[in-house]
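S.K.: The sequence shown begins at 1 in the working numbering and counts up by one. Yeah, the Cβ is synthetic: ideal placement off N, Cα and C, and Gly gets one too. Treat the numbers as computed from the prediction; the structure is a model and nothing was measured. Got a structure for you, written out below as structure tokens; questions coming shortly.
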Amino acid sequence: MSLFEWLGEYFNPKNIGEITKETPPRVNKPKFKIYIHFVISILLIIGYYYLWLNNDTNFNLKKIIIITILLIVYLSITYNYKVKPDYNNIGLFGTPIDHPFRISDDINRFLIFFEIFLFPGRYISTSIVSFVLKFRH
Numbered sequence: 001m002s003l004f005e006w007l008g009e010y011f012n013p014k015n016i017g018e019i020t021k022e023t024p025p026r027v028n029k030p031k032f033k034i035y036i037h038f039v040i041s042i043l044l045i046i047g048y049y050y051l052w053l054n055n056d057t058n059f060n061l062k063k064i065i066i067i068t069i070l071l072i073v074y075l076s077i078t079y080n081y082k083v084k085p086d087y088n089n090i091g092l093f094g095t096p097i098d099h100p101f102r103i104s105d106d107i108n109r110f111l112i113f114f115e116i117f118l119f120p121g122r123y124i125s126t127s128i129v130s131f132v133l134k135f136r137h
């Protein structure tokens, strides 16, 4: 971030994306699709635990509880919030190359990275909620 970015944005501001509180719509899917998405989500959660615990030589319940709490917080955040970057302002000439006179393209590129980071959690949380809502009767 440079002084040129602050000055360029001051004289000619561009749009930036946003983070909105938006829960996914409830879509009536076939049971088979819900089963498949739920199984994939459970496999992703098992992979998450494997990544955290694969090199751990001793079994530590405190570590598992902390990892579970972090996972629950991550899934609840990704279920309730959606990142919407402005794809028209991501860099110089629409490329990921940094525009020297815009700070808004830096913010939009960060929002794209954040959207990629939150996507697996949104998929997992949406699949679990769909499974619970479909089969709670």
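Would you mind giving the Cβ-Cβ distance between I116 and I45, rounded to the nearest angstrom? I have them listed as a contact below 8 Å.
M.R.: About 19 Å; that fails the 8 Å criterion.
S.K.: Here's a check: name, in chain order, each residue in its chain whose Cβ is nearer than 8 Å to the Cβ of N89, leaving out the five neighbours to either side.
M.R.: If we look at N89 and ignore the five residues flanking it on each side, its Cβ neighbours are K14, N15, I16, R102, S104, D105, N108.
S.K.: Based on DSSP bridge pairs, tell me the residues matched to V83.
M.R.: Answer by DSSP bridge pairing, in chain order: I19.
S.K.: Below 8 Å on the Cβ atoms is my guess for K21 versus N80; work out the distance and round it to an integer in Å.
M.R.: At roughly 6 Å, the Cβ-Cβ gap stays under 8 Å, so K21 and N80 are in contact.
S.K.: From the DSSP output, in three-state form, read off R136 for me.
M.R.: In the structure shown, R136 sits in coil (DSSP, three-state: anything other than H, G, I, E or B).
S.K.: Under the three-state reduction of DSSP, which class applies to T68: helix, strand or coil?
M.R.: T68: helix per DSSP, three-state reduction.
S.K.: Run through DSSP, which three-state label would T78 get?
M.R.: Looking at T78 - three-state DSSP - the assignment turns out to be helix.
S.K.: Buried or exposed: V39, going by 16 or more other Cβ atoms within 10 Å of its Cβ?
M.R.: Flag for V39 reads exposed.
S.K.: Mapping DSSP to helix, strand and coil, what is I63?
M.R.: First, the residue type needs correcting, since residue 63 is Lys and not Ile in the sequence shown. If DSSP states are grouped into helix, strand and coil, K63 belongs with the helices.
S.K.: Assuming the contact rule is C-beta atoms closer than 8 Å, L118 and T57 should be a hit. Round their C-beta distance to whole Å, please.
M.R.: Not confirmed; about 32 Å, so no contact.
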